[in-house]
Every structure is written in C-alpha cells, then in structure tokens.
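Chemist: This structure is in structure tokens; I'll ask about it shortly.
Numbering (the numbering used here), first residue to last: 2 to 130.
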C-alpha cells in the first residue's frame, strides 16, 4: 500500500487480499458521499449500491464511529439483507484524520465468524489506507 497513493486502488487491493486469503462471502468498501455510503471496490456477489447514515450494520458503524461485529445478522435490528447468504458480519470505519471516509464491510456465510482478533487486525489494516 505504501507505494500507491490512490485510495480506490488501495481499497481494491485490500478487499481482494482479504477476500482471497480468507474466502469470505463478501468483502469490500462503502465510501462516504454526503449522507450516504456508496458502494466502492469489493469482491463477491452483487451488492447494495447505497446505504443511508445509521441504517444497517454499515450505517451503524459509520454513525457510531466504531467497529461493529455481528455474530448473527438475523438478530441485528435493521439489518440490510443485500444477500440472504450472509450470516455474520464485521464493519470497520476508515478514518482520514478524525473523519470517517469509508467503511470496510465483510460478510461471512457462517454465523459467529468474527471476533476481537479480527476487529483488532482489520482496524490496523484500514489504518494503513
């Protein structure tokens, strides 16, 4: 990442690296544009194009400014089901200085996939962007 200054290129390679390494159902970024998250670089099946502030897991992570780990998406109030195959999810805010500019969203086809270790290392990874 350090040899590339373009954020979109780095997001594309990070999503590919994570997706290929761990085989998650969906791995990608949503970028903050105004009061919405807009689909960015990703790996996996078709995705929702826009998510409103505070809505779903991605919008909640953005609104609350924290990583959100969801062991079972069916139990998350207001979960946006872009795919019924998604069973668990982690969403990590991407900061530029003190402002969230994007979120990294990873979905698994299995429940209880993500834990504190994933949270820690994914936060470190997005910190490199």
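Glycine is no exception: its CB is placed at the ideal position from the N, C-alpha and C atoms.
1) Measure the CB-CB distance between residue 32 and residue 110 and report whether it falls below 8 Å.
2) Considering residue 28, what are the terminal residues of the beta strand (DSSP E) in which it resides?
3) How many angstroms separate the CA atom of residue 6 from the CA atom of residue 12?
4) Would you mind working out which of 10, 123, 19, 70 sits nearest residue 45, comparing C-alpha positions?
5) Is the beta carbon of residue 39 less than 8 Å from the beta carbon of residue 90?
6) Quick one: complete alpha helix (DSSP H) runs, 4+ long, within the region 2 to 84?
7) Can you give me the C-alpha to C-alpha distance between residue 8 and residue 86, rounded to a whole angstrom?
8) Helix, strand or coil: how does DSSP classify residue 124 here?
Modeler: Reading it off the structure:
1) Residue 110 is positioned such that its CB atom lies no closer than 8 Å to that of residue 32.
2) Its beta strand (DSSP E) spans residues 27 to 34.
3) A direct Cα-to-Cα measurement between residue 6 and residue 12 gives close to 11 Å.
4) It is 19 whose Cα lies nearest to the Cα of residue 45.
5) Not in contact: residue 39 and residue 90 (Cβ atoms no closer than 8 Å).
6) Qualifying alpha helix (DSSP H) stretches, in chain order: 8 to 23, 57 to 65.
7) The alpha-carbon atoms of residue 8 and residue 86 are separated by roughly 29 Å.
8) Of the three classes helix, strand and coil, the one that applies to residue 124 here is helix, per DSSP.
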